[in-house]
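Residue numbers (my numbering), protein chains in the order written: chain Z, 10 to 125; chain F, 64 to 174.
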């Protein structure tokens, strides 16, 4: 089946620094990718929709200037957490539906972010 | 998207059949029912999708009554490795739009 990868799988950073997380569709093209955040023992919460070649759309309550999304190609979307703080520590997951709409969405393995 | 309601948690023993029911009273005519499985510190994994009656694959079965206001995921003869959170989602087929996850059901399989 289709594969979505994320890099890094985990990252630890100091408060105030920025962290970039990559989401790649390895064997298919995705004009749209989705970013989720998941806190311990909680469900996935949609943060934003990443659109190739255009601006991302953010869910209510998600700061677009803090969570920068760039969908530069049909196989890569990046999420940059700017000026990270301990409350941004979470599990970040991306998903991508293969272009053409004939298959279910595929989720990446997630990235564990810990902000000290 | 239609809201879904599932039990928060379930316990089972190895070798048993597990049935997890999801309520979706406001399901739309063109909505499908999709189930995902998530292990700790991993992304969700597609299990099964259906529209009505019964769907079966190598992993699970999905039972959907005629009114489609609920659905039941059936896992035959579970093993310890089936311990995970199971999410029921309702939306267009293949759900290529944003997916809204409910709380899910935390299944614990005991030896």
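Using N, Cα and C, we set each Cβ at its ideal position, and we do this for glycine too.
N-terminal and C-terminal residue of the beta strand (DSSP E) that residue i is part of
i, result
"residue 70 (chain Z)", "Taken as a continuous stretch (DSSP letters only), residue 70 (chain Z) belongs to no beta strand (DSSP E), as it is neither H nor E."
"residue 87 (chain Z)", "85 to 90"
"residue 79 (chain Z)", "76 to 82"
"residue 57 (chain Z)", "54 to 60"
CB of residue i within 8 Å of CB of residue j, strictly
i, j, result
"residue 96 (chain F)", "residue 113 (chain F)", "yes"
"residue 23 (chain Z)", "residue 125 (chain Z)", "yes"
"residue 153 (chain F)", "residue 67 (chain F)", "yes"
"residue 136 (chain F)", "residue 125 (chain F)", "yes"
"residue 88 (chain Z)", "residue 164 (chain F)", "no"
"residue 30 (chain Z)", "residue 101 (chain Z)", "yes"
"residue 90 (chain Z)", "residue 28 (chain Z)", "yes"
Burial state of residue i, where buried means 16 or more other Cβ atoms lie within 10 Å
i, result
"residue 140 (chain F)", "exposed"
"residue 76 (chain F)", "exposed"
"residue 69 (chain F)", "buried"
"residue 35 (chain Z)", "exposed"
"residue 130 (chain F)", "exposed"
"residue 58 (chain Z)", "buried"
"residue 69 (chain Z)", "exposed"
Where residue i meets chain F, residues with beta-carbon distance less than 8 Å
i, result
"residue 24 (chain Z)", "Residues of chain F passing the Cβ test: none, with the nearest at roughly 23 Å."
Whole-angstrom C-beta distance between residue j and residue i, which should lie under 8 Å
i, j, result
"residue 122 (chain Z)", "residue 98 (chain Z)", "6 Å"
"residue 170 (chain F)", "residue 83 (chain F)", "7 Å"
"residue 106 (chain F)", "residue 119 (chain Z)", "5 Å"
Within chain F, partners of residue i - CB distance below 7 Å
i, result
"residue 85 (chain Z)", "Chain F residues near residue 85 (chain Z): none, gap ~17 Å exceeds 7 Å."
Chain Z contact residues for residue i, given Cβ-Cβ distances below 9 Å
i, result
"residue 100 (chain F)", "Going along chain Z, no residue has its Cβ under 9 Å from residue 100 (chain F), so there is no contact; the nearest lies around 11 Å."
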